[in-house]
Amino acid sequence: MRPSFRVRLSPAFPSSTAPCRSALCRAHSGGVVVVTADSGAGPVGFTATSLTSVSLEPPLVSFGIAKSSSSWPHLERAGSVVVNFLDSAQEDLARRFATSGIDRFAAPTRWHRLPQGEPVLDGVTGWLRLAVEQLVPAGDAHIVVARVTEAWQAEDGRPLLL
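Anchor point for the sequence shown: position 33 equals 419 in the numbering used here, and the numbering is continuous, going up by one each time.
What follows is the structure, given as structure tokens:
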């Protein structure tokens, strides 16, 4: 089992006192992520290449999703999502979540649910649990702005880079 640390953020726990969040974003700058969610119809996910840190106070990130994505109708209804930071050995997983028309959560994908119900991928180097704040139309896509509510990072591992 990988050594790790986990931080839960709340209004009473300012993000500036949560080194985990900024360390995770710095360690995975330019890394490949998979965004996962479940709006009640089963888990969905997609490979995203546009994760951006927006604000430290409050802790906000954003990512883009195409309106044509099979995940979009589910993500649009989800109140929370998880950003999974892939390990350098997980290129196959990145390709799987970028492939249309398949059950991305079927074997060989290994995953579990957080206590709040969101799907999270196993073997990742870290993840952020996010509360969706805004959905901004942007051409043929949407930009999702979300608040970091929880973060987990393995103490080892190398991010999968583009």
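Virtual Cβ for every residue (Gly too), placed ideally from N, Cα, C.
query	result
Boundaries of the alpha helix (DSSP H) in which Leu446 is found, first to last residue	Unbroken run through Leu446 is the beta strand (DSSP E), Leu446 to Ala452; no alpha helix (DSSP H).
Those residues which DSSP pairs with Ile529 across a bridge	Gly450 and Val522
Cβ neighbour criterion (16 or more within 10 Å) applied to Glu536	buried
Which of helix, strand or coil DSSP assigns to Arg499	strand
Nearest residue (CA-CA) to Val534, options Leu547, Val518, Arg482 and Asp424	Val518
Limits of the beta strand (DSSP E) - the one that Leu461 falls within	Premise fails: Leu461 lies in the alpha helix (DSSP H), Trp458 to Arg463, not in any beta strand (DSSP E).
Buried/exposed call for Thr422, threshold 16 Cβ in 10 Å	buried
Distance CB(Phe483)-CB(Pro505) smaller than 8 Å	no
Secondary structure of Leu547, DSSP reduced to three states	strand
Test item: CB-CB of Ala464 and Trp458 under 8 Å	no
Leu446 versus Asp473: straight-line alpha-carbon distance, rounded	23 Å
Cβ neighbour criterion (16 or more within 10 Å) applied to Ala540	buried
Residues near Leu546 by beta carbon distance below 7 Å, same chain, minus five either side	Gly417, Val418, Leu472, Asp473, Ser474, Gln476, Glu477 and Ala480
C-alpha gap between Thr433 and Leu514, whole angstroms	15 Å
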